[in-house]
Amino acid sequence: MLVGQLRLPNAFACQTLVLHLALLALYQPALPLWNTLAFLGLLSWQGWRLYKDQPALSKKHLNWLMAPLLLLLLAQISQLGVLNAMLHILLLAAVGRGFTLQQRADAIQLIWVQYFALVCCFIFYQQMAMALAIFGLLLLNGYLQHRLFAPANAKIAPKRTLLLGMITLPIWLGLFLVFPRLPPLWQIPNQNMASTGLSDTLDPGSIEQLVQSDALAFRVSFTTEKPPREEWYWRAKVYEDFDGRRWQRNARFTSRQLDTLSRNALQTMSQSLPASREHVQYQILAEPSYQRDLFSLGLPLSGSTSLSMQPASLLANPLPLTQRISYSVISALSPLPLESATERQLNLQQQNANPRTRQWGAELAQAHQYDAAKIVTALTAYFQQQAFFYSLTPPRLGRDAIDQFLFESRVGFCSHYASATAVVLRAAGIPARVVGGYQGGEWQQNQQYLLVRQREAHAWVEYLLHDEWHRFDPTAAIAPERILSGLEQTLSIEEQALLSGWQNNWLGQLALQWSHLDYLWSVWVLGFNQQDQQQFWQRLLNWPYWHWVITSISVASLILAGMYWRWRRSLRSKTKANVLRGKLSRAFNHQPPLGMTVAMWLHQIAQHNTEYAPLLLEINDLYERSVFASDALAEQQLLQKLQQHRRLLRKHIYVSK
Amino acid sequence: MSYAKLKQRAQQRFIDWLDKRQPATPSLALTQGVIYILPSRFGWWFSFLIILLYLLGTNYQNNLILLASFVLMSVLLSTMVLAFLNVHRLRLTVTDDAVTYAPLPAALTLKITANLCQMLQIRLKGQRHVQLLEYVAGTDAFTLMIPALDRGCYSLPRLVLKSDYPLGLFTTWSYPALQTQIWVYPEPVAKYTDTEQTLPQATNTPPTTQNELQPTDPTLLRAYQQGDSPKHILWKRLPAAPQQPVVRQRGAPLQSLPEWVHVPLLQGPALEHALSHACQQLLDLEAQGRHYGLQTATAQIAPASGQLHLTRCLQELALC
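First to last, the sequence lines map onto chains A and B.
Oh and the first sequence: position 331 is 331 in full-length UniProt numbering, straight run, nothing missing.
Oh and the second sequence: position 219 is 219 in full-length UniProt numbering, straight run, nothing missing.
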């Protein structure tokens, strides 16, 4: 290939170097420090070589260079995981190829690898800003590719580029809307990332880290009327095993068999439920947490196809959330059903720790005739009447943590209150468990969605009454503002400062606007899934004006086809001979009679006008050359002649009729 | 063997099909019917990339990866249109035949007209040598190099016009046939290269002198007429006849006898030799502005002079 043997375009190597540096920066989540340094060393050496204008390395030298890096990679492969190893190899291939660039043909493979490597960045980054940056880099790669196949000093033609854009954009959007989406075809390796959000154990104190985080947890938009703020209890985890100090999830949540419980279970449940209850439909856009748990209100009845139903009416994703996902749920804001007798037994287990609490629980039970509702009311009264305080910085607790909290320190936050309440209720013989999730959120009035941050993490209690799990939030008793208007109102000014930081200035406002934009991006771009696609089609098909559109399109296309046909016919009659014949007749103001060739006609005229015979014969000659030899020059000359002598031809030449 | 035969037959059928579809013309434009587009090798790799990214996006349920694969897909599709537009309406016109003397390669001047065509690769079908036209906007003259050929007359083989512009994903090509000839005249060789005499020997005409014209030769002198340059006056003669200045006539006499160049009936290398000499003779005679005719075993060209006549004679030699 000739074009492949051409020299590389100017500054091509420099631009690829920039691209590689950007790739290295984008791959940071997958690269250990040492590997980053190794790549940085390689790239700076390449930069130095470019600066010194040194020739490309030979393949052999490159192999010597790459071998140690590959060995390093092999040594790390078990720690890195398959995905990261693949990204390493991509980066290594791109950087290595950069050293051996000589001809354009060498660079084509590089372009291919760079496309792949750049798109892989989307595994880590899905926020709008990063996505735009990556698309920018893809554009740069496309430009580099274009330069390989364009003249060395060619400028970008704006018209052609615009045309490209105009063709590309509708195809792109069309493909995005229409192209079939499949469920995952096989298990894929995930990057090794620490999970964020709620942890699997609840040790009063562990939420403290969460509470200060402004990071986004998820966003919710309601399809039906949004429930009142007191109902915004987003359940994510249920803690049932208590060891005297820490709450843990029961093994039934992690066992593999339950993954098969799917949407069917959800829907059959909804059929058995009376329809009169208030149902809420909402869509949740969850941020990557590297956990499987999803968030739902009350009792989920039905939801998106991909969701799986967990015990205790919890929802989960089949795989840990490595990226934002969007799912919709219909929930009933009602107490949850008891699933089995073992669930009841599980939530009555007690430990030997906290003797004072257990004793107090037993006393409460006796005082209220083992009536769960009354015991809960008594507990609420106790929390309200005694000097309990809500604080994010409670003192450390000793061995019998619950005893110490209930009867000594009386300062804590949600998980202290929730775990203490659950222990008291269990001691009173009422099955109870601690639920972890999020409470509240910031309602975005303009954009009509609820924004839930990590600091809205919360813990509360569910207790069994008449074989139904009822929610009880002891924190609401101590600090009702926490539930009704959010965490900030509950805290002292210093504690608010701890939380708010930079949110109130104009930069914060800008960030908030950006976050709204990011929300739209998430809903329409990231969250667009199979279901949305189906809905889009359904809405399109249900559109009532279809027959109008189809009729007008068919009429218009018929008209266009007719016009095209006429145009083709006129084009066919417009042979060169016909066109020139017409021009000649116009010039002479006469038409050649039927059955007479132009040549015969012109010769006849020449006989009648001997003084102009040379001109007429020249015209004839030019006519014949342009018609029969397709001589463009002759045609041009003929037209010139006719124009030049138009007065003469019109006035002074006699043409017999 | 049968494979080679099949391949040859298929190629022949293809050529026949092309000849029927696109007969040679002196001028042609690349239109929809004669432009072929297929993905290039890189284009196939690119498609593979798109499929790979689609699978990756599906498995990670990552809309952005899907989006990226759709971008690449739409770029692939729209590049097809751009690749077509790049060569669409390109017009090739040939006005003159290509002419050369035997061992030298010929060059054909083409006129290429295009709105805007970039990175056009031109070669002759069956040849490897490619010429690259980086940029055509408007009308350009283009010199097509034709490899060295033996003496004779050839019709121009089909051209192969090819372009990978703009992204190398699609190869656009066409096989235009231009109606023109390549004339390869015999190599001009003087018979006796070591003597100064270069004029024809095997003819029945008396050898003409090449000496500087003598002023004493009466045929070359004539009486002075008004308008003659004073430089041509023979000043030596002036004292003898002061009233009748004599001027020296420059150049050849008005009507000298025609020269005949003969090519005897020969074969093989001997014929080539004879043709080479005849070629040289013709060139010399034309350079001297003489009248000359050509007599070969099969044809006779009446004496005349001028570039057109020389061309006719040389073409006759080429066809011998």
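The beta carbon of each residue, even a glycine, is placed where N, CA and C say it ideally should be.
Predicted, not measured: the structure shown is a model, and the values here were computed from it.
Just measuring C-alpha positions, the residue of B/I35, B/S40, B/A107 sitting nearest B/T180 is B/A107.
A629, S630, D631, A632, L633: these are the residues of the stretch 629–641 of chain A whose beta carbon lies less than 9 Å from some beta carbon of chain B, given in chain order. In terms of Cα proximity to A/E278, the closest of A/L297, A/R181, A/L285, A/Q291 is A/L297. At a cut-off of 3 residues, the continuous stretches assigned as beta strand (DSSP E) that sit fully inside the stretch 383–446 of chain A are 432–439, 442–444. With contacts defined as CB atoms closer than 8 Å, A/R344 and A/A286 fail to qualify as a contacting pair. Between the stretch 168–175 of chain A and the stretch 528–541 of chain A, the count of C-beta pairs closer than 8 Å stays below three; the two stretches do not touch. Two segments are said to touch when three or more pairs of C-beta atoms, one from each, lie closer than 8 Å; by this definition the stretch 25–32 of chain A touches the stretch 77–90 of chain A.
Taking the Cβ atoms as the reference, B/D96 lies roughly 7 Å from B/T109, within the contact range of under 8 Å. Chain-ordered, the chain B residues with CB closer than 9 Å to the CB of A/Q323 read Y60, Q61, N62, N63, L64. Here A/F222 is bridged, per DSSP, to A/Y282. For A/L520, no chain B residue has a Cβ inside 7 Å of its Cβ, as the nearest lies near 14 Å away. Contact note: B/M119 reaches chain A through V3, F149, A150, P151, A154, using a C-beta cutoff of 9 Å and chain order.
As the crow flies, the alpha-carbon of A/D621 is around 45 Å from that of A/L163.
From the beta-carbon of A/W186, the residues of chain B found nearer than 7 Å are N59. Under the 10 Å beta carbon count, A/E408 is surrounded by fewer than 16 other beta carbons and is classified as exposed.
Within the same chain, and ignoring the five residues on either side of A/D241 in sequence, the residues whose Cβ sits closer than 6 Å to its Cβ are Q248, N250. When C-alpha distances from A/A117 are compared across A/A154, A/G98, A/H20, the shortest belongs to A/H20.
Scanning the stretch 154–190 of chain B for uninterrupted beta strand (DSSP E) segments of 3 residues or longer gives 159–163, 170–174, 181–185, listed from N- to C-terminal end.
Selection A/A236, A/V280, A/P204 evaluated against A/R246 yields A/P204 as nearest (Cα-Cα). Inclusion of B/A24 and B/L178 in the CB contact set at 8 Å is warranted, their separation being smaller than that value. In summary, the residues of the stretch 3–26 of chain B whose CB is separated from some CB of chain A by less than 9 Å are T25, P26, in the order they occur in the chain. Under the three-state reduction of DSSP output, B/Q121 falls in the strand class.
Of all residues in the stretch 160–172 of chain B, those with a C-beta nearer than 8 Å to a C-beta of chain A are D164, Y165, P166, L167, G168, reading in chain order.
If you compare the alpha carbons of A/A372, A/I402, A/V411 with that of A/Y390, the shortest gap goes to A/V411. In this structure B/S74 is buried. Its beta-carbon is surrounded by 16 or more other beta-carbon atoms within 10 angstroms. Here A/L364 is buried, its C-beta having at least 16 other C-beta atoms within 10 Å. Contact between A/L83 and A/L43 fails: their C-beta atoms lie close to 23 Å from each other, not under 8 Å. Taking a beta-carbon distance threshold of 8 Å, B/Y135 counts as an interface residue toward chain A. By the CB criterion at 8 Å, A/P184 and B/N115 fall outside the cutoff. The Cβ neighbour count for A/L633, taken over all protein chains shown within 10 Å, is under 16; the residue is labelled exposed. Per DSSP, the beta bridge partners of A/L336 are A/W469.
B/L49 sits close to A/Y115, with the two beta carbons spaced by under 8 Å. Within chain A, the residues Y115, L118, V119, F122, I134, F135, L138 have their CB atoms less than 9 Å from the CB of B/A68, given in chain order. Nearest Cα to B/P105 within the set B/A299, B/E272, B/Y154: B/Y154. Beta-bridge partners of B/G152 (DSSP): B/V184. Considering only B/H277, B/E259, B/A278, the residue with the shortest C-alpha distance to B/H291 is B/E259.
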